[in-house]
Amino acid sequence: MFEALEIMRWIVTTLRNDAQLAGLIAGRVHLDQVPPDSQLPAIVVSQHSTRDVNAIGGARVVTVVQVLVKVIGHPTGLPSLATIAERLDEVLHGASAELTAVTVHGCVRTEQVLYLEGVETGGYAHVGGIYQVIARERR
4 MFEALEIMRW IVTTLRNDAQ LAGLIAGRVH LDQVPPDSQL PAIVVSQHST
54 RDVNAIGGAR VVTVVQVLVK VIGHPTGLPS LATIAERLDE VLHGASAELT
104 AVTVHGCVRT EQVLYLEGVE TGGYAHVGGI YQVIARERR
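Numbering of the sequence shown is given in my numbering, commencing with residue 4 and proceeding in unit increments.
In structure tokens form, the structure reads like this:
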């Protein structure tokens with residue numbers, strides 16, 4: 004079982020289903036990258052890192068997935084991007100869920116993300132966070 008993919012899909016679905024975020028970004032929440040024809044701002048969910056916590060004897064106790072969740076937009080819209088990032092944090096921080104193959108015991112932001120790229124040519128702003136998700140395979 005590849006827990007990280009189910010967790011990332013859960014985050015995408017959770018963010019798409021939030022009414023306040025829908026009003027801010029019209030459902031533009033994507034796994035891994037923004038499609039070339041998509042409008043901005045948009046949210047991107049991607050795996051940052053994953054590690055398994057195993058007991059003596061090799062039994063997997065939990066999987067810890069670090070997920071990068073950020074809103075991407077134009078630097079001139081940084082205040083509105085920050086508003087979107089604050090809302091996505093309200094939705095995700097402290098969330099848990101029973102998914103098909105895993106139980107999500109918790110989701111917390113461990114780092115904030117804010118950076119600009121290519122500003123001299125119009126560029127993009129990235130605002131969001133790295134979220135730690137602790138999950139256990141359902142048996």
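Here a beta-carbon is modelled for each residue, glycine too, at the ideal position from N, C-alpha and C. Nothing here was measured: the structure is a model prediction, and the numbers come from that model.
In the three-state reduction of the DSSP assignment, G26 falls in the helix class.
Within 10 angstroms of the beta-carbon of P39 lie fewer than 16 other beta-carbons, which makes it exposed. Contact between V130 and L84 holds, with the beta-carbon distance rounding to 5 Å and staying under 8 Å. Closest in C-alpha terms to A138, from the list F5, V67 and T53, comes V67.
Remark: fewer than three beta-carbon pairs, one from each stretch, lie closer than 8 Å, so the segment 28-37 and the segment 55-70 are not flagged as touching. H77 has its alpha-carbon roughly 8 Å from the corresponding atom of P44. Counting along the chain, I46 sits inside the beta strand (DSSP E) bounded by residues A45 to N57.
L27 is the residue among S52, V64, L27 and S49 whose C-alpha sits nearest the C-alpha of Q42. In the structure shown, the three-state DSSP call for A85 is helix.
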